[in-house]
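Student: A single structure is presented below for examination.
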Amino acid sequence: MIRQAQSGNARIPKRRGIRLEPYLLLLPSILLIGIFKIYPIFYSLAESFVKSARGGVLRFVGLDNYLSLFSEPTFAHSLGITVWFCAVTTVLQVVLAIVLALFLNRRSKAVRMARTLIYIPVSVSMVIACTVWNLFFSASTGIINTVLSSLGLREQPFLTSRDQALYVIMFVCCWKGIPYWMMFLLAGLQNINASVYEAAKLDGAGFWTTLFRITLPMLKNSLVFVIISDTLINVFMFVPVYLLTDGGPSMSTDTLMYEAYRSAFSYGNYPRAYALVTVMMIIAIVIAAVQMAITRDNEPRAARRVKGGARA
Amino acid sequence: MKKNTGKLMGALLILVMLTGMLSLGAAAESAPSGTITVLSFTEYHAAVQAAIDAYTALNPNVTVNLEEYPYAEYNDAVTIKLGSQSQDFDVVMTDATMVSSYAYRGWISSMDAYFTQDEKALFASALVKTGAFEGQFMAPPLCNSCQALFYNKDLLDAAGIAYPSQNPAKRLTWEEIVTMSQQVMESLNDKTIYGLTFEQVDRPYQILPLPNSLGATAFGEDGLTVDGYLNSDNFKKAMQWYSDIHNVANISPKGTTAADSNGLFMAGKIVFLTGNIFNYNTFGKTEGLNWGYTAFPYFADGAAATPTDSWHVGLSSGSQNVPTAVDFIKYFTLGEGNSIFLETRGAFAATISALEKYSSDAKYDEFPLSIFRLASYEAQNTAFPRPSTLAYGEFETIIGSTFSDIRNGVDVTEALDSAVSQLDTQLTMYQ
């Protein structure tokens with residue numbers, strides 16, 4: 001015993017020594033993340049404080065780019081579109097992904113088949129998806145209007161209507177997004193021990209009680225990840241707007257991300273684009289922080305509830 | 001003395017030999033060599049490539065790479081490439097309206113050091129001005145352009161309508177075109193046939209002549225003011241007509257793009273098409289298409305305003321091979337390369353000597369080459385270029401979306417006011 005303790009003590013200094021292997025293994029990832037993720041963030045931030053003058057000469061202007069951005073009607077309009085798109089799409093995607101995951105969380109051949117079919121949109125690239133849906137939603141030659149017309153119903157303007165275009169984009173994003181997020185939630189559901197459901201059943205818990213008292217609380221980790229990631233992806237949504245509407249009609253789909261793209265690559269106004277992207281990044285950080293704070297606050301309460309329940 | 005004379009002669013001989021070697025070296029240095037890259041757009045591929053092939057045949061030490069983008073994305077591509085101060089490009093095809101913008105940003109270099117006054121005088125003087133920025137010659141013109149109204153003879157025959165005259169003094173009005181289109185569409189009763197469309201639908205090059213015909217312009221004199229111009233009464237009136245032909249009279253197809261217009265005309269689905277004169281080349285080769293041309297129309301209570309503008313060739317500020325790039329630009333704009341380009345493309349010339357040929361050469365008496373005579377007349381009498389502004393790139397993007405909205409039925413006043421608001425935001429960069 002003493003010998004064991006001695007030998008154990010003898011190993012301690014070795015453990016305290018710096019081991020390089022983990023850092024060496026992490027180094028490529030750290031470098032790549034640094035170059036492609038962290039550096040551009042700081043670069044955008046730095047460039048958002050300068051203005052391009054004659055001859056492409058840059059001069060420091062402090063917060064001017066931000067002040068002029070906040071005074072623009074275009075910025076306020078794009079912010080509104082982004083918030084509305086993000087709120088509706090995230091809620092739709094998460095709720096429908098939960099419903100689908102619950103539906104597919106069974107063991108049968110038919111369910112396995114359905115799972116594969118439902119997952120197909122995820123394997124289609126967004127560019128192809130947009131091209132195909134564009135054919136469906138085309139106002140003059142689209143398949144949907146052809147069907148509507150043959151049924152004697154009124155044809156719809158879809159992507160050429162400022163009242164409908166954003167909802168078409170939401171639809172395309174949901175079509176691709178719901179099955180994607182569903183898979184994360186399905187994995188989370190399959191981690192819940194079946195005995196918990198059996199116990200609940202014995203206690204006489206119905207579907208809704210099981211859903212709100214057992215399934216969703218135990219799915220919390222997956223759900224938090226899905227909600228935060230989905231929100232951030234929707235804040236930075238770009239491809240469908242670029243391919244389907246170009247921000248129109250009448251700027252009805254001009255999100256902040258698309259406005260930043262236009263500012264940089266169509267107008268050549270890079271400082272404004274950097275300021276826009278920085279504002280979006282701050283919005284994303286705030287959203288993520290709020291969501292994490294809300295879910296962290298709930299943890300003790302839920303734990304208290306469980307403990308209280310146990311006592312009762 | 002003799003010895004000294006001998007030494008002196010020897011020294012002179014060495015000096016002469018050295019000078020000769022140095023001048024030979026200098027000549028070798030200035031001879032075009034190495035690699036240059038030309039940034040261009042796909043629609044001009046055949047013509048630009050033909051000129052490049054001829055140039056490299058003359059200069060076997062030179063390799064010319066051609067990097068191309070579709071026209072619709074060309075401005076964005078140039079903004080990305082040159083905006084990032086890339087050194088990968090030497091020669092840049094530059095739309096007339098973008099010369100000042102590229103020069104202001106420092107993306108293209110002055111050509112004053114490379115073109116003598118005599119050489120500049122070989123170009124039409126108006127185009128030398130277009131290629132200049134603040135007194136410096138930035139980009140020599142490659143070609144000019146002019147628009148005409150093409151029509152389908154078979155469709156007019158079917159409705160018993162006489163062909164329009166080729167005489168520019170008897171050009172049609174937009175109002176007459178609406179009436180004639182309705183007559184054809186009614187008599188044929190075919191839902192796939194339309195009366196009128198624009199080759200460059202929703203693009204300012206062909207749509208701005210509508211307000212221009214009524215005396216309205218998009219910008220004020222300073223090129224930086226749009227409020228009061230872009231939303232003036234006459235501008236709105238012209239845009240209302242553009243909206244009405246798509247939404248009230250329904251003589252023009254909705255949901256089509258600039259890429260579709262010529263195809264529809266060549267398929268016999270369009271009675272009237274406004275288009276660039278170089279289309280004579282393609283239409284002439286289209287089997288089964290019985291076509292004619294007339295001068296660009298105008299509004300009955302306005303004046304003729306024909307879209308005319310040029311393409312220029314700029315020297316990229318990031319060029320790493322300036323001597324060869326300049327040599328190629330000269331060959332392409334003034335030398336044999338220009339003739340090859342114009343011939344292959346069927347484009348309208350920018351040099352005085354070529355312009356003079358249109359009136360002196362008998363081959364331009366007959367259809368369809370007679371369209372160049374019309375273009376010469378329009379260039380001298382009714383030409384109306386696009387606005388001169390540092391913010392043309394921004395303007396083209398915003399006004400393109402606005403025209404598209406108007407075509408889709410958005411209220412004209414609302415659409416133009418929104419465009420003014422967006423442009424005002426972008427124009428602050430230059431004020």
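Each protein sequence line maps, in turn, to chains A and B. According to this note's numbering, the first sequence is numbered sequentially starting from 1. According to this note's numbering, the second sequence is numbered sequentially starting from 1. Beta carbons: idealized from backbone N, C-alpha and C, even for Gly. In this text, all values refer to a predicted model and were calculated from it rather than measured experimentally.
Have a look at ASP417 (chain B) and ALA57 (chain B) and give me their C-alpha separation to the nearest angstrom.
Tutor: Cα-Cα distance, rounded: 54 Å.
Student: Which same chain residues, not among the five before or five after ILE120 (chain A), have their C-beta less than 8 Å away from its C-beta?
Tutor: Only PRO179 meet the Cβ criterion.
Student: Is VAL111 (chain A) buried or exposed, if buried means 16 or more other CB atoms sit within 10 Å of its CB?
Tutor: Label assigned to VAL111 (chain A): exposed.
Student: In terms of residue numbering, what span does the alpha helix (DSSP H) encompassing VAL147 (chain A) cover?
Tutor: Segment 143-150, the alpha helix (DSSP H) holding VAL147 (chain A).
Student: How is GLN156 (chain A) classed by DSSP in three states: helix, strand or coil?
Tutor: Coil, per DSSP.
Student: Can you check the segment 80-167 of chain B for any beta strand (DSSP E) of at least 3 residues that lies completely inside it and give the ranges in chain order?
Tutor: Runs of the beta strand (DSSP E) inside the segment 80-167 of chain B: 91-95, 141-143, 147-152.
Student: Checking the sheet assignment: what are the DSSP bridge partners for LEU196 (chain B)?
Tutor: The partner list for LEU196 (chain B) (beta bridge, DSSP) reads B:PHE272.
Student: 9 Å is my cut-off, CB to CB: does ALA284 (chain A) come that close to chain D?
Tutor: Looking for chain D here will not work: the only protein chains present are A and B.
Student: What is the residue span of the alpha helix (DSSP H) that VAL99 (chain A) lies within?
Tutor: Residues 73-104.
Student: Which residue wins for smallest C-alpha separation from ASP260 (chain B), given the options B:LEU315, B:GLU119, B:THR197?
Tutor: The shortest Cα separation from ASP260 (chain B) among B:LEU315, B:GLU119, B:THR197 belongs to B:THR197.
Student: Residues in the segment 257-268 of chain A with C-beta within 9 Å of chain B's C-beta atoms, listed in sequence order?
Tutor: Flagged, chain order: ARG262, SER263, ALA264, PHE265, SER266, TYR267, GLY268.
Student: Got a sec: is the Cβ-Cβ distance from VAL57 (chain A) to anything in chain B below 9 Å?
Tutor: Yes - at least one Cβ of chain B is within 9 Å of the one on VAL57 (chain A).
Student: I believe THR402 (chain B) touches ALA419 (chain B) by the beta-carbon criterion, under 8 Å. Please report the beta-carbon distance rounded to the nearest angstrom.
Tutor: Yes, THR402 (chain B) and ALA419 (chain B) are in contact; Cβ-Cβ is about 4 Å, under 8 Å.
Student: Start and end of the alpha helix (DSSP H) containing TYR333 (chain A)?
Tutor: No statement about residue 333 (chain A) is possible, as the shown extent of chain A runs from 1 to 312 and does not include it.
Student: In three-state DSSP terms, what is LYS51 (chain A)?
Tutor: In the structure shown, LYS51 (chain A) sits in a strand (DSSP, three-state: E or B).
Student: Answer with yes or no whether the minimum CB distance from THR256 (chain B) to chain A is below 9 Å.
Tutor: Yes, because at least one Cβ of chain A sits closer than 9 Å to the Cβ of THR256 (chain B).
Student: In terms of alpha-carbon separation, which member of B:ASP222, B:GLY302, B:PRO368 lies closest to LYS285 (chain B)?
Tutor: The shortest C-alpha separation from LYS285 (chain B) is found at B:PRO368.
Student: By the 7 Å beta-carbon criterion, what residues does the segment 401-427 of chain B contribute toward chain A?
Tutor: From the segment 401-427 of chain B, only SER401, SER404, ASP405, ASN408, VAL410, ALA415, SER418, SER421, GLN422, THR425, GLN426 have a Cβ closer than 7 Å to chain A.
Student: Assign ILE227 (chain A) to buried or exposed, taking buried as 16 or more other Cβ atoms, counted over all protein chains shown, within 10 Å of its Cβ.
Tutor: Classification of ILE227 (chain A): buried, given that the 10 Å Cβ count is 16 or more.
Student: Distance, Cα to Cα, ILE35 (chain A) vs VAL88 (chain A)?
Tutor: Rounded to whole angstroms, ILE35 (chain A) to VAL88 (chain A) spans 34 Å at the Cα level.
Student: For the segment 314-334 of chain B and the segment 134-150 of chain B, state whether three or more C-beta atom pairs, one from each stretch, are separated by less than 8 Å.
Tutor: In short, these stretches touch, since the Cβ pair count reaches three.
Student: If you follow the beta strand (DSSP E) that VAL64 (chain B) is part of, which residue opens it and which one closes it?
Tutor: Its beta strand (DSSP E) spans residues 62-69.
Student: Should SER101 (chain B) be flagged as near chain A, meaning a C-beta pair shorter than 9 Å?
Tutor: It does; some Cβ of chain A falls within 9 Å.
Student: Along the chain, where does the alpha helix (DSSP H) that runs through PHE171 (chain A) open and close?
Tutor: Segment 165-190, the alpha helix (DSSP H) holding PHE171 (chain A).
Student: Between which residues of its own chain and ILE287 (chain A) is the CB-CB distance below 6 Å, once the five residues before and five after are set aside?
Tutor: Result list for ILE287 (chain A): THR231, in chain order.
Student: Just how far apart, CA to CA, sit TYR23 (chain A) and GLN426 (chain B)?
Tutor: In a straight line, the C-alpha of TYR23 (chain A) is about 48 Å away from that of GLN426 (chain B).
Student: Beta carbons nearer than 9 Å to chain B: which residues of the segment 237-251 of chain A have them?
Tutor: Within the segment 237-251 of chain A, the residues whose Cβ lies closer than 9 Å to some Cβ of chain B are ASP246, GLY247, GLY248, PRO249, SER250, MET251, listed in chain order.
Student: Rounded to whole angstroms, what's the CA-CA distance from ALA126 (chain B) to ALA325 (chain B)? Just pull it up for me.
Tutor: Roughly 24 Å separates the two Cα atoms.
Student: Give the straight-line distance between the Cα atoms of GLY206 (chain A) and LEU104 (chain A), rounded to the nearest whole angstrom.
Tutor: Approximately 19 Å, taken between the alpha carbons.
Student: Inspect the beta-carbon positions of LEU256 (chain A) and LEU243 (chain A) and report whether they are closer than 9 Å.
Tutor: Not closer than 9 Å, so no.
Student: Do the segment 148-168 of chain B and the segment 179-192 of chain B make contact, defined as three or more Cβ pairs closer than 8 Å?
Tutor: Segments in contact, yes.
Student: Kindly indicate if chain A contains any beta-carbon less than 9 Å away from that of TYR104 (chain B).
Tutor: Chain A contact via Cβ: present.
Student: Does the distance from the C-beta atom of ARG483 (chain B) to that of PRO60 (chain B) stay below 9 Å?
Tutor: Nothing about residue 483 (chain B) can be reported from this structure: the residues present for chain B run from 1 to 431 only.
Student: Within this structure, are the beta carbons of GLY318 (chain B) and GLN85 (chain B) separated by less than 9 Å?
Tutor: Yes.
Student: Going by CA-CA distance only, name the one from B:LEU210, B:TYR229, B:LEU149 that's closest to ALA218 (chain B).
Tutor: With distances taken between Cα atoms, ALA218 (chain B) lies closest to B:TYR229.
Student: Buried or exposed for MET429 (chain B), please, with buried defined as at least 16 other CB atoms from any protein chain shown within 10 angstroms of its CB.
Tutor: With 16 or more other Cβ atoms within 10 Å, it is buried.
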